[in-house]
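Taken in order, the sequence shown gives residues -15 to -1, 1 to 1238; the numbers are from mature numbering (1 follows the signal peptide of the UniProt record, and there is no 0). C-beta: ideal position from N, C-alpha, C; glycine also. Structure record follows, encoded as structure tokens.
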Amino acid sequence: MRGLLLCCLVALATCQPAPYALRLNPKKIYEYRYEGSVKFGLGLSNTAESGMRLTCNLRIRGSSEQTFVLQVSKLAFEEFNGFPGKNNFAASSKLTQHLSAQLATPFMFDYVGGHISNIRASSEVSDMTVNIVRGILSFFHMTLKTKERIYQLEEVSIHGTCQSTYVTEMNDETKELSVTQVVDIDNCRDKAAKYTGVAMAVLDNVSKQKGESVMSTVRYLYSVKPTADGGIITKAHSLERQFFTPFNVKGGNFKMQAVKEMVLLGVTDKGREFTLGPMEHKGDLKYKFVDAGATFPMIMQNLNDPIPKAIELIKQLAEENKYTINSATTEDNIKLYQLLRVMPYEGLETMWKQFSGNTLQRNWFLDIVPEVNDARILKFLQNRFHAQDISTAEAVQALLLSINHLQPSPELVEMAKIFLNMTFSKSSDFLWQTAMLTYGSLVYRNCAYVTSCPINTVQPLIDIAVESLRSGDENKMVTVLKALGNAGHPGSVKTIMRFLPSVAASPVELPPSVLSAAVQSLRLIAVRDPHSVRDVTLKLFLDKTIPAEIRMLAFVILFETKPSMALVSTVTTRLMEEGNLNIISPAYSYLKSLATSTTPENHFLSSVCNVAVKILGPKFGRLSYRYSKVVRLDWFNDDFLIGTATEMFMLRRAANVFPTEIIMKSKFLFIGRILELLELGVRAEGIMEVIRSDAHADFGFNDFKSVFNVLKNLESLPTDKPVLTAYSRLSGQEWFFLNINKDLILKVIKALEPSAGKESPLWDLIHRLLEGWSWHRVKPFLTFEARYFQATSLGLPLEISKYYQSVSAVTVNAKAVVNPPLTETLGQLLSSEVSLESDGFIGVTKDFWLFYGISTELFQCGSELKSKIPVSIPWRFTAKVNIKKKKFEIDFPLFKEEFEVASISSNVYAVSRNIEDPAQMTPFIPVALEPNKEVPTVMEAEDEQMLKANSWHSSRKYCAESKVYGLGLCAVSELRRQYYHEEYPLYYFLGFTHMAIKAVPIQAVKPVEKIHLEFDLHSSKLSMSTHQVLDTVRNSKEIPTLPSSREQGSHSSPLDVPTVAAAPQPLFSFKALAMSGSQRPEGYEAALYYRPEASLPNMQLNVSQVGENANWRVCMDSTMRLPSQTKANIRWGAECQSYKMSVTAETAHLPGAKPTVKASLDWSEIPVSMAELGRRIGSYIPGITFLYGFSQQNEMNPQKEVSASVVVASADSVDVKVKFPEYTVFRQAIPFPLLPSNFCTFRNASVNGTQDA
């Protein structure tokens, strides 16, 4: 009996909850007071901050054993914007009411073992409101183990599936359990974070090891009180900190601090039940991201009734920017983008009907409608293509921008397939190419955001590729391969291999243009499936039967896969046995450039390539630039976490000066990502085939004659092959390529021939100019929209966003007069005088925003950098051209008011916005300092570092003025900074910045109406020596090279120049004169003389001041005394007599001696300012030359002379000696690449065992 009783007691005990096990009693009501706040700023004294605070009461009651209901009451919302210690949180009554209405509805959730799940709410409750509730409920979510004091585990939280570390401690007096939880939210397995707009920027894990741009920490503190029902949380506190910078967080950063607290107010027995309405599942505790496409972090506007607002805004912007750019209103485009994203599809059709008949408004609408970026824009374009109510050019632009700015998703990829086969898409080759390339880009971006990317997304392109290979359509093959290259889908590798001879199961003979497109289509797959690409490109590189430039393209992509040391060793071994110099040369130069790379992505590869270069160097280190070559330059800064890389490929098939293919591309590395910026490529395959077909040319280094023969005989070019192919890629995606064939070139030549008549397009253009022609185009463009979202412990979305937009405009008004007028052919222009009057404007305004803070559809708070860069160039001129007389004149009327040519303005603000109250923007740095004042203060930072809060305000103005022409150019700047003495990159940029370049009118010596420029080209040769010219100039009362006014009443121009019998006629003369009515012009004139038939061939250049009592001039003459010696004299000042300087250069290569180049600079009299500048430069030379390995010897040399000699010491090195007045610097055996044609022994050594392609 006792045993039975004991068993019953044990069973009863096990049924009772553990005293600390977290549990809510469904028969009780728990009341808590909750407060959550967040602040953004630098965390430094005397800098502005922004933030918000939400306080409320919580009531939790049971609905069943595991289901509970949360009710929120007494809610208050407050905002902070200003300076800590000076400003306080301010209540927002209107937003409080709005949020109270959202949170007033009950929320239901399941609670078992301290874990929250299955959150439910009414269908009308927004996801943003549910996320705030998640932030509240996360206080109740905890894994408590009373038997372990320190333990770690991975669990689901509002931040995602993350690693948590718990530390528990018992309070012996109160018997309460203190629990500390630290969540590692930087390394979550399934993090509640989201990127948009950065699909093209590839992650670089090595760079991330050097530093992060974002770091976060979260700590929770709980007090758990034991009760008969189990453990109950009596107090909870959470502190979340985040550090962000566009650079490296180790060097200064923006800070976010989110704090939330919860205190138990009381526990009471549950009263009567109440009825809950229908609820729907809202997810678990993990933060759920809201579609933020229509939420722009830098604006907050009323989005009700968006269609009429958008219509009115487009009309306003089109009108304000119809001639120039109104830089003050360019930011309104962001408002327009937001209105478009919230309006229904019918709104787009309504706007199209309204704007299609007005050119300005139509263009503006078609430029901004791609930013709708979801299914609506695809439907809109589909209707336009069906109706064919847009031009081909409009369709190309709209499709290109719309697909590339589309939010990638499997559903939208499926919708976009229709454009590949629409009749209108195929009506133009260029439009069909755009449809193909943009679809490939969409596939790539979609695959960047999904875990698995099914083959069906790229299947349409695969099908077109197979069909093009079967039909043998070269243009179609190239286009679809480029589209597959944009897609970068690993599933397309097998299809691409069918186009490559070395790896195809059934090889097909294809032209090099197709092979090039096929190889380059592997470039993006190299990152996603490096193993497959490595196998393919290695086989291609080792195949000596395919063209050299194709092998080299494969070689470059092989190294994009980051090969292992073993593979690089294999390649190095094969290069040692290679016989083609157009493979050896670029491969070696590429390996050499990688060996010196400093970018993190090549950290391992640079070490491996360094070994390869040491092996290959002795044999191939001195190849010249006459062979294929690769040039690569890069740099990376660890403090800024920013770097760049530029590559240029010149690929040839044979050792001649003309490359078959030229490729230039650049990369930008920033905060752990790599972005391909711009890539340009040109293939000259067609024209090279014709050059090679010329049996009479040796195609050596100087054989340009063959090219000219080809241009004279274009009829011999092949019709079915492009003469020239050019392409461009942005962000790694090809968006444009153009094939130039023989027919197009012949049409252009025919249109420009002198015998061309009214059938020529140029004839039509000239007649439009004769009648008066006007053209205007303005283009708004959202260049960049990159956003990062991360859940915070408050249930609010932290956002880091970068927006970059531009508005560009060109306006041209022109009217021409031809005398005598054209009647039959364009050749008449050669004997006519053409006058042109024109005015216009070209400019661009760029706006950039960087936002760091909380951004929801109801409120925003955070730090915002705002920058504007306007560039504005207006013009007005009158020009005259007389081809027969070889004379060109142009007159610019002097502007009367100053204007900004270019400027940059930026500032950083603490911002607070909500939908009910006016926005608040407080500059980070207070505007209360006098210019050039420093106010040193010291404060203690959070990390116990002592930072000097040096405040600095600088205002500067520099002007270059010409009183002759009555104009000046000024550079003005104003800067405000704090903490700028600290070695932190972020603080270099924070604060107010304004810099501008202005064109300003000034008081001239004489009134100026216009500035006259004149160019004259003469064909007669010089008949006098330099000394004769100078004697004539000195002895003549009226200097023959200066313009002078004729007597009053003469009908001749004041620019007529009197003729002096002995004066030579220059080859070329130029005048820049300030003119006003009948007054004598002021300004400058230059004339160039050349006499090759003299006993000593010589050239003179004279620059003279024009005006009354003007005698300042510059006289320069050069004489070739020997074929290997040249001397130039420079004299300037009054009558060229004040100052003198001469330069001598000569070469020597005597039998038995080493080739030598000598140069010297000597002077007799020079201005004091020039002498001082020379002394300053000279003070740096010893240190600079020392850094470059030069030695220095103190000795007295000629006092007014600097001389240098370069001696060719060997085939790959030179000796350099430079003599200055008081010392000599020298260095021997400086490595230097030389042409092998200069050294027979070197050429024999380097070509031994090799051959040209």
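1) CA-CA distance, T530 and F643?
2) Buried or exposed, going by whether 16 or more other CB atoms sit within 10 Å of the CB of P585?
3) With N892 as the anchor, note down where its beta strand (DSSP E) starts and where it stops.
4) With distances taken Cα to Cα, identify the nearest neighbour of T1104 among N1083, A1119, A801 and Q1122.
5) Could you tell me the distance, in whole angstroms, from the CA atom of V733 to the CA atom of G812?
6) Express the C-alpha separation of A372 and K727 in angstroms, rounding to a whole number.
7) Nearest-angstrom Cα distance between V110 and I839?
8) Under 6 Å Cβ to Cβ from D514, same chain only, skipping five residues before and after it: list those, please.
9) Do A1130 and T1141 have their beta-carbon atoms positioned less than 8 Å apart in this structure?
10) Our contact map puts K991 next to S1061 with C-beta atoms below 8 Å; I'd like the distance itself, whole angstroms only.
11) Rounding to the nearest angstrom, what Cα-Cα distance links K24 and N66 in this structure?
12) For residue 1261, name the three-state secondary structure that DSSP assigns.
13) Leaving out the 5 sequence neighbours to the left and right, which residues in its chain are closer than 6 Å to P4 when beta-carbon positions are compared?
14) Hey, L9 and Y96: beta-carbon distance below 8 Å or not?
15) Counting along the chain, where does the alpha helix (DSSP H) carrying M283 start and finish?
16) Can you tell me which of the three DSSP states H516 falls into?
17) Counting only the same chain and skipping the five closest in sequence on each side, list residues whose C-beta sits under 7 Å from that of C1225.
18) Out of Q346, R347, E16 and L397, which has the shortest C-alpha to C-alpha gap to residue 1256?
19) Between the region 605 to 621 and the region 578 to 596, are three or more C-beta pairs nearer than 8 Å?
20) Apart from the five residues just before and just after I659, which ones in its own chain have a Cβ nearer than 7 Å to its Cβ?
21) Are W337 and L302 touching if we call contact CB-CB under 8 Å?
22) Using a Cβ-Cβ cutoff of less than 6 Å, which residues in the same chain neighbour T841 once the five nearest sequence positions on both sides are dropped?
23) Does the separation of the CB atoms of V792 and I481 fall below 8 Å?
24) Starting from the C-beta of A1072, find all residues in its chain whose C-beta is less than 6 Å away, skip the five residues before and the five after it, and write them out in chain order.
25) G717 and E770 look like a contact to me (Cβ under 8 Å); what is the Cβ gap, rounded to whole Å?
26) Quick one, are the C-beta atoms of L249 and Y19 less than 8 Å apart?
27) Can you name the residues that DSSP bridges to Y5?
28) Determine the extent of the beta strand (DSSP E) in which F259 is found, giving its start and end residues.
29) Would you report the Cα separation of F365 and P859, rounded to the nearest angstrom?
30) Check whether the region 872 to 879 touches the region 50 to 66, counting contact only when three or more Cβ pairs, one atom from each stretch, lie closer than 8 Å.
31) So the alpha helix (DSSP H) M336 belongs to, where does it begin and stop?
32) Take I375 and list the residues in its own chain whose beta-carbon comes closer than 8 Å to its own, dropping the five residues that flank it on each side.
33) Report back the beta-carbon spacing between G470 and E719 to the nearest angstrom; my notes put them in contact at under 8 Å.
34) For M93, name the three-state secondary structure that DSSP assigns.
35) Does DSSP put P1167 in a helix, a strand or coil?
36) Here's the rule: buried if 16 or more other CB atoms are within 10 angstroms of the residue's CB, otherwise exposed. What is K1204?
Walking through what the data contain:
1) Here residue 530 corresponds to residue number 545 of the sequence shown, with the count starting at 1. Here residue 643 corresponds to residue number 658 of the sequence shown, with the count starting at 1. Going from the Cα of T530 to the Cα of F643 covers about 21 Å.
2) As a first step, residue 585 is located in the sequence shown; it is residue number 600 there, counting from the start. The residue in question, P585, is buried, as its Cβ has 16 or more Cβ neighbours within 10 Å.
3) The count along the sequence shown starts at 1 and reaches residue 892 at position 907. Element bounds for N892: F884 to N899.
4) Taking the first residue of the sequence shown as 1, we reach residue 1104 at position 1119. When each option's Cα is compared against that of T1104, the closest is N1083.
5) By 1-based counting over the sequence shown, the position of residue 733 is 748. By 1-based counting over the sequence shown, the position of residue 812 is 827. Each residue's alpha carbon lies about 16 Å from the other.
6) As a position in the sequence shown, residue 727 is number 742, starting the count at 1. As a position in the sequence shown, residue 372 is number 387, starting the count at 1. Roughly 35 Å between the two C-alpha positions.
7) For the purposes of this step, residue 110 is identified with residue 125 of the sequence shown, where counting begins at 1. For the purposes of this step, residue 839 is identified with residue 854 of the sequence shown, where counting begins at 1. Straight-line Cα distance between these residues: approximately 20 Å.
8) On the sequence shown, residue 514 is found 529 positions in, with the first residue counted as 1. Excluding positions up to five away in sequence, the list reads P475.
9) The sequence position of residue 1141 within the sequence shown is 1156, counting from 1. The sequence position of residue 1130 within the sequence shown is 1145, counting from 1. No.
10) Indexing the sequence shown from 1 puts residue 991 at position 1006. Indexing the sequence shown from 1 puts residue 1061 at position 1076. Contact flag correct, Cβ pair sits at about 6 Å.
11) Along the sequence shown, one-based indexing puts residue 24 at 39. Along the sequence shown, one-based indexing puts residue 66 at 81. Their Cα atoms are separated by approximately 9 Å.
12) Outside the modelled stretch of the chain, which goes from -15 to 1238, sits residue 1261, for which no answer is possible.
13) Counted from its first residue, the sequence shown places residue 4 at position 19. These residues qualify, in order along the chain: P211.
14) Here the question's residue 9 lines up with position 24 in the sequence shown. Here the question's residue 96 lines up with position 111 in the sequence shown. A contact, by the Cβ cut-off of 8 Å.
15) As a working mapping, residue 283 is identified with position 298 in the sequence shown. Careful: M283 lies outside any alpha helix (DSSP H) and carries neither H nor E.
16) As a working mapping, residue 516 is identified with position 531 in the sequence shown. The answer is helix: DSSP assigns H516 an H, G or I state.
17) As a working note, residue 1225 is residue 1240 in the sequence shown. Interpretation of C1225 is limited by its pLDDT of 37, a score under 50 that renders its predicted location unreliable; the figure taken from the coordinates is listed afterwards. If we look at C1225 and ignore the five residues flanking it on each side, it has no Cβ neighbours.
18) Residue 1256 is absent from the model: the chain starts at -15 and stops at 1238.
19) yes
20) One-based indexing of the sequence shown puts residue 659 at position 674. Hits under 7 Å: A186, V187, D189, E586 and K652.
21) If you number the sequence shown from 1, residue 337 lands on position 352. If you number the sequence shown from 1, residue 302 lands on position 317. Not in contact: W337 and L302 (Cβ atoms no closer than 8 Å).
22) For the purposes of this step, residue 841 is taken as residue 856 along the sequence shown, with counting starting at 1. Excluding positions up to five away in sequence, the list reads M113.
23) As a position in the sequence shown, residue 792 is number 807, starting the count at 1. As a position in the sequence shown, residue 481 is number 496, starting the count at 1. No, the pair does not count as a contact, with Cβ atoms beyond the cut-off.
24) By 1-based counting over the sequence shown, the position of residue 1072 is 1087. These residues qualify, in order along the chain: T1026, P1051, S1054 and N1087.
25) As a first step, residue 717 is located in the sequence shown; it is residue number 732 there, counting from the start. As a first step, residue 770 is located in the sequence shown; it is residue number 785 there, counting from the start. Wrong, their Cβ atoms sit about 18 Å apart, outside the cutoff.
26) For this step, residue 249 is matched to residue 264 along the sequence shown. For this step, residue 19 is matched to residue 34 along the sequence shown. For L249 and Y19, no; Cβs fall outside 8 Å.
27) Position 20 of the sequence shown holds residue 5. DSSP, once it has assigned bridges, lists no residue as partnering Y5.
28) As a working mapping, residue 259 is identified with position 274 in the sequence shown. F259 -> no beta strand (DSSP E), and no H or E assigned at all.
29) Looking up residue 365 in the sequence shown gives position 380. Looking up residue 859 in the sequence shown gives position 874. Approximately 37 Å, taken between the alpha carbons.
30) no
31) Along the sequence shown, read from residue 1 onward, the residue named residue 336 stands at position 351. That run of the alpha helix (DSSP H) goes Y330 to F340.
32) As a working note, residue 375 is residue 390 in the sequence shown. Same-chain partners within the cutoff: L351, R369 and A383.
33) Translated into positions along the sequence shown, residue 470 becomes position 485. Translated into positions along the sequence shown, residue 719 becomes position 734. At roughly 7 Å, the Cβ-Cβ gap stays under 8 Å, so G470 and E719 are in contact.
34) By 1-based counting over the sequence shown, the position of residue 93 is 108. Here M93 sits in strand by DSSP.
35) The residue you call residue 1167 lines up with position 1182 of the sequence shown. In this structure, P1167 counts as helix in the three-state DSSP scheme.
36) As a first step, residue 1204 must be located in the sequence shown, where it is residue number 1219. Per the 10 Å Cβ criterion, buried.
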